[in-house]
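Q: In full-length UniProt numbering, the protein residues as written are 1 to 328.
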Amino acid sequence: MPVARVSTDLIPAAERFDWWCDLVWQDVARTIITSDHAAEFQAGAETADLGLVKVTAMHFAPIRSLRTRTLIRQSDPEVYELALITGDPMWLSQRRNDTAARAGDLLLWDTSQPFDGGVCGDHAEAIIVHLPRSALSLPPDRIDRLVAQRMPATSGMGAILATFLTEVLDQAHACRPQDLNTLGTVTLDLASAYLAQRVDAAERLSPETRRQVLTARITAFIDRNLADPDLTPAVIAAQHHMSLRSLHLLFQTSGESVAATIRRRRLERCRRDLADPRLRHRTIGETAARWGYHRPADFSRAFRGAYGVSPSEVRARAWEANDARAPR
């Protein structure tokens, strides 16, 4: 399975906390876990195995997690854990650094060194990318500077990485095995580029990593400007100080042209909004215009070509499904 989901909901209440501790031991690293909520513990995880790396979304009741030198000697997966905090703040101590990270921050720790950490609140949520030490091309002494440091991820490379990690988990279930391996490579490249930027080590990145990072940066720009009907490859190339030919060559390796990428991502946003019952008040034309289609005929033709059905059919089916689920 490309994505594995587990939850304490299916575990007897008395066994949930121990079950969660065993899961962390097996899938992350051995730590001493304690919690004031052990008696009524609730947690869950969703993991996408991407070959080179794994990405896990976790939610759990407040805990404290301690990794000692004894546990490291017993077992060490030799990975860096890079977490995007999406719930209540978390605190971490490692290598004489102490920090508290809140939602929207990235937080790094090393399984090969002792650490102590926990949750500052009622409910923890995070997306964690597990980065094997052997797969990172950056010097360990430079990466070590970043452990237990609060790293905001609301702009620049941090925001690109955060958005990518969220989308990976949303889309991995629909990917083929070879696509998952590609996503793993991109995840590793983006995480490496982000860490390299933080320690002024960009020169250590491979040409392929730099290409992946530039592609991700351009894709993020496209996403931010989908509503602009004048968004074209020429505009994108100028914005990124590159020739139009270089832009097309960059996207050529992905098997999708720049124009096709813009069209696909616009249609994906339209389809999502048409299926959202909270947006019933918005007409199909307004939805299309929201994402850069200002000529209804062009939108309907492109939508049917991509999905084989009309926009109105997608909306009607979504509303019927939502009404069927509604309590009576």
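All C-beta atoms in this analysis are idealised placements derived from N, C-alpha and C, irrespective of residue type, glycine included.
Tell me which residue opens and which closes the beta strand (DSSP E) that Trp91 is part of.
A: Counted from its first residue, the sequence shown places residue 91 at position 91. Element bounds for Trp91: Met90 to Gln94.
Q: So, under 8 Å CB-CB, Trp109 and Glu81 are touching, yes? Tell me the CB distance rounded to an integer number of Å.
A: One-based indexing of the sequence shown puts residue 109 at position 109. One-based indexing of the sequence shown puts residue 81 at position 81. With 8 Å as the limit, Trp109 and Glu81 qualify as a contact, their Cβ atoms being about 5 Å apart.
Q: Skipping 5 residues on each side, what residues in its chain have a beta carbon closer than 6 Å to that of Phe17?
A: Mapped onto the sequence shown, residue 17 falls at position 17. Taken in chain order, the residues that qualify are Ala38 and Phe41.
Q: When the Cβ atoms of the region 203 to 211 are set against those of the region 219 to 238, are three or more pairs found closer than 8 Å?
A: These segments do not touch.
Q: Determine whether the beta carbon atoms of Ala216 and Phe164 lie at a separation below 8 Å.
A: Here residue 216 is taken as the residue at index 216 of the sequence shown, counted from 1. Here residue 164 is taken as the residue at index 164 of the sequence shown, counted from 1. Yes; because the gap between Cβ atoms is below 8 Å, this pair is in contact.
Q: List the residues that DSSP assigns as beta-bridge partners of Pro152.
A: Residue mapping note: residue 152 aligns to position 152 of the sequence shown, counting from 1. Note: Pro152 sits in a beta bridge opposite Asp105.
Q: Report all residues from its chain with a CB closer than 6 Å to the CB of Phe60; omit the five preceding and five following residues, and keep chain order.
A: Reading the sequence shown from its first residue, position 60 is the one you call residue 60. Ala43 and Ala124, listed in sequence order.
Q: Spatial neighbours of Asn181 within its chain, please: C-beta separation below 8 Å, excluding the five flanking residues on both sides.
A: Along the sequence shown, one-based indexing puts residue 181 at 181. So the qualifying residues of the chain are Leu50, Gly51 and Leu52.
Q: Can you list, in chain order, the residues of its chain with a C-beta nearer than 7 Å to that of Arg265? Leave out the 5 residues immediately preceding and following it.
A: Locating residue 265 in the sequence shown gives position 265, where the first residue counts as 1. If we look at Arg265 and ignore the five residues flanking it on each side, its Cβ neighbours are Ile222, Asp223 and Leu226.
Q: Just verifying my parser: in three-state terms, what is the DSSP assignment at Gly292?
A: Counting from one through the sequence shown, the residue named residue 292 turns up at place 292. The answer is coil: DSSP assigns Gly292 none of H, G, I, E or B.
Q: Given this structure, state the Cα-to-Cα distance separating Arg5 from Trp19, to the nearest angstrom.
A: On the sequence shown, position 5 is the one that residue 5 refers to. On the sequence shown, position 19 is the one that residue 19 refers to. Straight-line Cα distance between these residues: approximately 14 Å.
Q: For the pair the region 107 to 121 and the region 143 to 154, tell me if three or more CB-CB distances fall below 8 Å.
A: The region 107 to 121 vs the region 143 to 154: in contact.
Q: Can you say whether His173 is buried or exposed, counting buried as having 16 or more other CB atoms within 10 angstroms of its CB?
A: By one-based count along the sequence shown, residue 173 stands at place 173. Exposed: under 16 other Cβ atoms inside 10 Å.
Q: Taking just the CA atoms, how far does Cys21 sit from residue 329?
A: Here the chain comprises residues numbered 1 to 328, so residue 329 is not present and cannot be evaluated.
Q: If you measure between the beta carbons of Thr31 and Ser75, is that distance less than 8 Å?
A: The residue labelled residue 31 in the question sits at position 31 within the sequence shown. The residue labelled residue 75 in the question sits at position 75 within the sequence shown. No, these two residues do not count as a Cβ contact at 8 Å.
Q: Alpha helix (DSSP H) containing Ser246: first to last residue?
A: Stepping through the sequence shown from its first residue, residue 246 is reached at position 246. Leu244 to Gln252 is the span of the alpha helix (DSSP H), which, as asked, contains Ser246.
Q: Nearest CA to the CA of Ser7: which residue from Val28, Glu46 and Ile33?
A: The residue given as residue 7 occupies position 7 in the sequence shown. Answer by Cα proximity: Glu46.
Q: If you compare alpha carbons, which of Lys54, Ile11 and Met58 is closest to Thr187?
A: Taking the sequence shown and counting its residues from 1, one reaches residue 187 at position 187. Of Lys54, Ile11 and Met58, the residue nearest in Cα terms is Lys54.
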